[in-house]
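Remarks on the structure that follows.
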Amino acid sequence: MTKEIETYCDVLIIGAGPAGLMAARTLSEFVRQDPSLKVRIVDKRSTKIFTGQADGLQPRTLECLKNLGMPQIYEAANDMTTINLYNPDDSGMIRRTDRFPDTVPGVSRYNQCVLHQGLIERHFLDSIHEVSEGRVAVERPLLPESIEVDESKADDPDAYPITVTLRYLAEDEADPVQFGHKVSNGLFRTTLTTAEEDDAEYRLPEGKEAGLREKVHAKYVIGCDGGRSWVRRSLGLNMVGEQTDYIWGVVDIVPETDFPDVRARCAIHSAESGSVMIIPREDKLVRFYIQMQERAEQGGRVDRSQFTPEKIVDSARKIMAPYYLNYSRMDWFTAYHIGQRVADKYSVAERAFIAGDACHTHSPKAGQGMNASMMDTWNLGWKLGMVLTRRAQRSLLKTYESERQPFAQALIDFDHKFSRLFSGKPAKDVLDGSGVSMDAFKEAFMKNALFTSGTAVDYDESAIVAKTGKNGSAVASKPALARNITVGTRLKSEQVCRHSEGLAMHLGDLLYMNGAYRVLLFAGNAAAPAQMDRIERFAAYLDSPESFVSRFTPADCKRDALFEVLTIHSNSRDEIDMQDFPAPALYPPFDYDKIFADCETYHRGHGHAYEAYGIDAERGAVVVVRPDGYVALVCDIEDTADLEAYFSAFMAVPAKPLGAQAEKDWTFTAKAKAERRKRALGHVPVAKVDAKSGFAHVENIAVAAAV
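Residue numbers (the UniProt record's numbering): 1 to 707.
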């Protein structure tokens with residue numbers, strides 16, 4: 001008789017690819033803050049992958065990885081700088097016809113880069129373990145067998161409306177099929193493991209045995225189990241779109257070739273033999289995407305096992321002739337069938353979600369598969385974390401589908417056009433209506449570079465994206481206050497100067513993913529008395545019992561746990577001291593990471609952040625940034641009612657709010673400020689330590705500066 005156990009968890013993530021690992025990493029931050037949260041991630045594979053699979057990382061993804069504390073992924077990757085286009089000349093020979101930047105210059109601090117998925121997964125696993133303090137880990141190999149959602153309990157925050165049955169697999173069930181090939185392959189989106197890798201060994205979780213069934217009661221489930229998603233099919237969610245008849249092969253090799261641009265990204269169109277895309281990889285590897293001459297049968301049936309490494313490379317040789325192509329090492333290969341489809345729904349009752357390839361599939365040549373997948377759960381993770389910790393209302397979860405599905409549809413539309421341009425035969429001349437215009441191909445490549453970078457995502461108006469005050473938003477932004485910031489897009493990082501010691505740093509690096517909103521106070525010319533009066537009134541509001549900070553922050557949290565206020569003024573560090581800003585709202589006790597200047601630095605010059613953002617350097621503005629780095633609201637310093645209306649639309653009032661700032665907290669008095677300014681003008685006050693408060697009390701005694 002098969003044994004069965006019963007367990008409970010807050011979130012069950014099914015699938016430990018990039019989407020699942022991003023979900024686990026984002027939620028780990030909330031587990032760190034609230035160790036009572038139970039987050040599990042399971043996968044049917046016996047191990048992570050070690051070779052092949054997705055490899056491209058776009059600039060926006062790299063920005064997010066930096067905010068998760070994983071910059072080492074970019075450091076280990078191969079940076080791509082150039083795209084070369086090769087097309088047939090009048091004689092049919094391929095020649096380089098164009099060369100341009102791979103990433104739109106200035107769009108981000110990062111360029112597109114490549115690193116194989118196995119290393120990316122390794123960094124995620126390490127980060128998840130570190131941040132969750134070992135509470136979250138991938139459990140392998142477990143196969144989901146059934147899922148039920150009780151929608152009648154969906155709105156009960158204490159309910160566990162989802163039941164999933166998992167089965168622990170035996171070793172022979174967890175191992176992938178290789179068709180006898182010695183080279184690791186992705187014909188079934190998996191690879192063989194290696195005995196040399198310590199974590200490649202088949203092992204069940206401690207105390208579990210093969211065949212054991214576990215009935216898991218979960219509050220939420222996230223299906224990150226790929227294009228053939230079991231979760232999606234079991235929930236009755238449908239994919240809408242079409243399959244082409246194009247088949248492409250992929251190999252990761254160390255090439256031996258006289259092709260001149262093998263270490264640069266290339267798009268090659270041959271006259272009759274198809275197309276190749278070249279992607280330079282790390283460790284001397286190069287990835288070749290190779291169009292196969294075979295076509296899929298009607299109905300999309302493809303026998304992928306017929307595509308051997310030798311057959312795929314031979315196709316590349318024909319396309320790249322007369323250039324020589326061989327290889328000294330092959331790490332991985334696969335074959336895939338191009339299709340463009342997107343799910344009609346992303347969730348059932350905002351309890352069971354799908355993400356990544358489970359809800360959108362497309363060709364990999366635009367470099368969006370892994371990126372779009374991780375950005376799905378980057379978007380969902382912080383929202384789910386806030387709901388689970390009772391910081392936000394459940395209505396927040398509706399914005400996952402409303403934000404990510406339109407992006408997926410735009411991606412599918414782009415890929416539909418781009419893959420056909422890539423796979424079609426080049427037009428022989430301007431009169432050849434059946435062929436692909438190479439000018440049209442280049443135009444599509446360049447036009448969509450911003451889109452594929454991930455930096456052009458613009459989320460529609462909703463409760464958490466305040467644009468016009470309509471379409472679900474409780475308030476309208478004032479875009480004229482920050483002319484170069486678009487509400488609904490990610491905040492582009494600009495250089496600022498940390499006031500305390502004059503260190504030049506990027507504003508984007510301050511947006512660490514910890515579930516907190518950032519309220520960026522662009523304080524303008526704070527040295528002007530009238531402007532400082534505005535700043536002090538804003539600070540007084542933040543400290544008042546009526547402010548969103550006081551009302552929505554739980555009493556057991558720090559005051560900046562949910563809403564971190566960062567001040568960026570436009571003065572030099574000589575014109576004003578950081579202690580001149582109102583405390584504790586803007587300058588908490590001994591916290592040197594809250595006040596910044598847009599000014600000249602000794603080693604990196606002037607960042608000109610105000611100019612870059614289009615903000616008036618005298619009057620300033622307030623910019624609200626979501627936990628995922630997207631701009632939520634732009635308003636004036638006096639628009640505290642707009643801030644209240646924005647956050648009241650989706651935040652949850654805790655049972656015991658933090659309330660107004662307690663009297664015992666540190667503050668600067670007006671007298672202390674005046675004495676400090678007097679000291680700067682040549683007076684040295686005598687300081688006595690107040691026995692009650694422990695802080696220096698300044699007496700109005702002036703002595704010669706020389707003393």
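Cβ atoms here follow ideal geometry from the backbone N, Cα and C, with glycine treated the same way.
- Put simply, of L586, E575 and S570 the residue whose alpha carbon is nearest the alpha carbon of F563 is L586.
- Per DSSP, the beta-bridge partners of T257 are L325.
- Bridge partners of R40 according to DSSP: L12.
- Annotated three-state conformation of T165 is strand, per DSSP.
- Residue pairing from DSSP places S146 in a beta bridge opposite T165.
- If you look at E536, you'll find it in the alpha helix (DSSP H) that goes P529 to D543.
- By the Cβ rule, the segment 222 to 229 counts as touching the segment 10 to 30, because three or more pairs are nearer than 8 Å.
- By the Cβ-count criterion, D639 is buried, with 16 or more other Cβ atoms from all chains shown falling within 10 Å of its own Cβ.
- Considering only S132, L633 and P554, the residue with the shortest C-alpha distance to S36 is S132.
- A direct Cα-to-Cα measurement between R534 and Q393 gives close to 32 Å.
- According to the DSSP assignment, A267 belongs to the beta strand (DSSP E) that extends over R265 to H269.
- In the pairwise beta carbon analysis, the segment 265 to 275 is classified as not touching the segment 343 to 358: fewer than three pairs are separated by under 8 Å.
- With a cutoff of 9 Å on beta-carbon distance, L115 and R281 are scored as near each other.
- Under the criterion of beta carbons closer than 8 Å, A652 and R390 qualify as touching, at roughly 6 Å.
- The C-beta of P260 has fewer than 16 other C-beta atoms within 10 Å across all chains shown, which makes the residue exposed.
- The DSSP assignment places complete alpha helix (DSSP H) segments of no fewer than 4 residues inside the segment 581 to 669 at 609 to 613 and 640 to 648, in order along the chain.
- Taking the Cα positions, L68 is about 16 Å away from V136.
- It is roughly 11 Å from the alpha-carbon of I5 to the alpha-carbon of H217.
- Around the beta carbon of Y541, 16 or more other beta carbons lie within 10 angstroms, which makes this residue buried.
- Checking the DSSP bridge columns, you'll see L85 partnered with D98 and A267.
- Around the C-beta of S146, fewer than 16 other C-beta atoms lie within 10 Å, and the residue is accordingly described as exposed.
- In the three-state reduction of the DSSP assignment, K442 falls in the helix class, which pools H, G and I.
- Per DSSP, the continuous beta strand (DSSP E) segment holding P280 begins and ends at S275 to P280.
- Measuring C-alpha to C-alpha distances from H569 to each of R60, G524 and S315 identifies G524 as the nearest.
- Its chain contains A343 and Y346 as the residues whose beta carbon lies nearer than 6 Å to that of C359, once the 5 sequence neighbours on both sides are disregarded; these appear in chain order.
- C-alpha of V549 to C-alpha of N78: approximately 43 Å in a straight line.
- DSSP places Q293 inside the beta strand (DSSP E), whose first and last residues are V286 to R295.
- Taking a cut-off of 8 Å on C-beta distances, the segment 438 to 454 does not touch the segment 575 to 590, as fewer than three cross pairs fall below it.
- Residue pairing from DSSP places R213 in a beta bridge opposite E4 and R167.
- Judged by pairs of C-beta atoms under 8 Å, the segment 487 to 501 touches the segment 602 to 613, as three or more such pairs exist.
- Of the candidates L235, E256, W248 and V164, W248 places its Cα closest to the Cα of F333.
- T361 places its beta carbon less than 9 Å from that of M239.
- Positions of the beta strand (DSSP E) runs, each at least 3 residues long and wholly inside the segment 317 to 403, are given as 325 to 343 and 352 to 354 in order along the chain.
- Residue environment analysis places F100 among the exposed positions, since fewer than 16 neighbouring C-beta atoms fall within 10 angstroms of its C-beta.
- For E63, the enclosing alpha helix (DSSP H) starts and ends at P59 to N67.
- Of the residues S46, M70 and D245, the one whose Cα lies closest to the Cα of R203 is S46.
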